[in-house]
Each structure stands twice: as C-alpha cells, then as structure tokens.
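Peer 1: In this note's numbering, the protein residues as written are 3 to 69. A virtual CB, placed ideally from N, CA and C, is assigned to each residue, including glycine. Here it is: the structure, laid out below.
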Ligand SMILES: [Zn+2]
C-alpha cells in the first residue's frame, strides 16, 4: 500500500494468458504510438491481449511499461 504506483491503477482481469498460461492479467491505460490506449496485458510475459483507444484525458502516467 505504501509503494508508489509507477503507472495508472491496474485493474485485475479474470482469465489466462494464451501465451504463457499465467493468470496475472491486468487492464490499464498507457500512452502508445497512437496516443492513450487501454491495454489488457499479462503481468508475467507482458503479452497484450487487448489494445483499444482510451480517453486521452486520462490520468498522467510514467511510461515504465513500454519496453
Ligand atoms: Zn503471459
């Protein structure tokens, strides 16, 4: 709880990663080439399951997850 958030709040998502089988899926906003997008990513292998345009007026984030 005392740890600073490096990104927007991650919303846990039910499901299994089709790539590595992990269940550590999460949905969050980040800035991509096309602007703000909402992504659902595996927390283990960073496989993107979904990528949809988001409200570009969303909360400011640090881009630590765009490697
Ligand atoms: Zn995975």
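Roughly how many angstroms lie between the CA atoms of residue 24 and residue 40, to the nearest whole one?
Peer 2: In a straight line, the C-alpha of residue 24 is about 20 Å away from that of residue 40.
Peer 1: Can you list, in chain order, the residues of its chain whose CB lies under 7 Å from that of residue 15, leaving out five sequence neighbours each side?
Peer 2: So the qualifying residues of the chain are 27, 28, 29, 42.
Peer 1: Out of 54, 45, 53, point me to the one whose CA is closest to residue 22's CA.
Peer 2: Nearest option by C-alpha distance: 45.
Peer 1: May I ask you to report which of helix, strand or coil DSSP gives residue 11?
Peer 2: It is coil, neither helix nor strand.
Peer 1: With 16 other CB atoms within 10 Å as the buried threshold, where does residue 47 fall?
Peer 2: Residue 47 should be labelled exposed.
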